[in-house]
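Enquirer: In the numbering used here, the protein residues as written are 1155 to 1430.
C-beta: ideal position from N, C-alpha, C; glycine also.
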């Protein structure tokens, strides 16, 4: 315990020194993050543990372990069994793990669906998921006609100016959707919809018809159509889109592209467990 106290005192001294040096407390902050992660790993390994056990494994004072647990508990990452004083992993871990699992599952299950659609249509196919107030593309397949198309993989794109974004936007919880509609909507081209009332109508149409379309709303010369991807519980978790130049994705061709994209979205939804 003397060694433990000494380590704790040393850590406090480091933190104080960092504060005196103009607030450069990065090493101390990194150490705290490392310890917090270690707490989660300890609980994952043991199922549950008390403050003393956790402090012993971390080789820190009990007060330090208690502070770490308090922060994690406030975030919902750990919870305490009041009758036993033991801590265990909280529901917040499931939320984070679920979000990661969804992306991993879509990335895996989406490969054959995207590849088949890209090969059939000859255009670029993307899968996008919601990332706060934007859509981020997590998968891309290119068709034979899109060899010069830009790479959308990993890009965050605006919800109101992209087909995938509109699909994700349209299926948000109403309170979240209205909150985003209340914000200023940036204009990217003359065709970008920036009025909340007009965009709200478009989002309602997306839900009704089952797909979203954009024509030169993000970039001149670019058109796209997207359809929702649902999880086993019916919740929209992603959007699958087909994009290309407007001279290929013209008004005559868009209805057929929409039909095929909706079918691909339904197939990927089936792979994600929807409909069983």
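(1) Measure the C-alpha to C-alpha separation of residue 1429 and residue 1287 and round it to an integer number of angstroms.
(2) Unbroken beta strand (DSSP E) runs of length 3 or more, entirely within the segment 1225 to 1282: which are they?
(3) Can you give me the C-alpha to C-alpha distance between residue 1412 and residue 1320, rounded to a whole angstrom?
(4) Taking the C-alpha atoms as reference points, what is the distance between residue 1309 and residue 1183?
(5) Could you give the distance in angstroms between the alpha-carbon of residue 1392 and the alpha-carbon of residue 1357?
(6) By alpha-carbon positions, which one of 1421, 1369, 1419, 1212 ends up nearest to residue 1187?
(7) Among 1195, 1196, 1342, which residue has its Cα nearest to the Cα of residue 1375?
(8) Per DSSP, residue 1311 forms a beta bridge with which residues?
(9) Using the Cβ count rule (16 or more neighbours within 10 Å means buried), how would you classify residue 1121?
(10) Between 1297, 1273, 1399, 1352, which has its C-alpha nearest residue 1336's C-alpha?
(11) Please classify residue 1368: does DSSP put it in a helix, a strand, or coil?
(12) Verify whether the separation of the beta carbon atoms of residue 1368 and residue 1377 is less than 8 Å.
(13) Using a Cβ-Cβ cut-off of 7 Å (strictly less than) and excluding sequence neighbours within five positions of residue 1285, which residues of its own chain qualify?
(14) Hey, residue 1281 and residue 1196 are a contact pair by Cβ (cut 8 Å); roughly how many whole angstroms apart?
(15) May I ask you to verify whether the segment 1359 to 1366 touches the segment 1412 to 1424, counting CB pairs closer than 8 Å and requiring at least 3?
(16) For residue 1275, which of 1424, 1423, 1417, 1427 has the nearest alpha-carbon?
(17) Kindly indicate the opening and closing residues of the beta strand (DSSP E) around residue 1384.
(18) Spell out the partners DSSP gives residue 1209 in its beta bridges.
Expert: In this structure, then:
(1) Approximately 28 Å between the Cα atoms of the pair.
(2) Within the segment 1225 to 1282, the complete beta strand (DSSP E) runs of at least 3 residues are 1232 to 1235, 1240 to 1243.
(3) In a straight line, the C-alpha of residue 1412 is about 14 Å away from that of residue 1320.
(4) Straight-line spacing of the CA atoms in residue 1309 and residue 1183 works out to 30 Å.
(5) Distance between the alpha carbons of residue 1392 and residue 1357 is about 15 Å.
(6) Residue 1212 is the option with its Cα nearest to residue 1187.
(7) 1342 is the residue among 1195, 1196, 1342 whose C-alpha sits nearest the C-alpha of residue 1375.
(8) Looking at the DSSP output, residue 1311 sits in a beta bridge with 1289.
(9) Any question about residue 1121 goes unanswered here, given that the chain covers just 1155 to 1430.
(10) Here the closest residue by C-alpha is 1352.
(11) Correct three-state label for residue 1368: strand.
(12) In contact: residue 1368 and residue 1377 (Cβ atoms closer than 8 Å).
(13) 1310.
(14) Between residue 1196 and residue 1281 the Cβ distance is about 36 Å, and since that is not below 8 Å, they are no contact.
(15) With a cut-off of 8 Å, the segment 1412 to 1424 and the segment 1359 to 1366 count as touching, because enough Cβ pairs lie within range.
(16) Nearest C-alpha to residue 1275: 1417.
(17) Counted as a single uninterrupted DSSP element, the beta strand (DSSP E) harbouring residue 1384 occupies residues 1376 to 1384.
(18) Answer by DSSP bridge pairing: none, since residue 1209 is not bridged.
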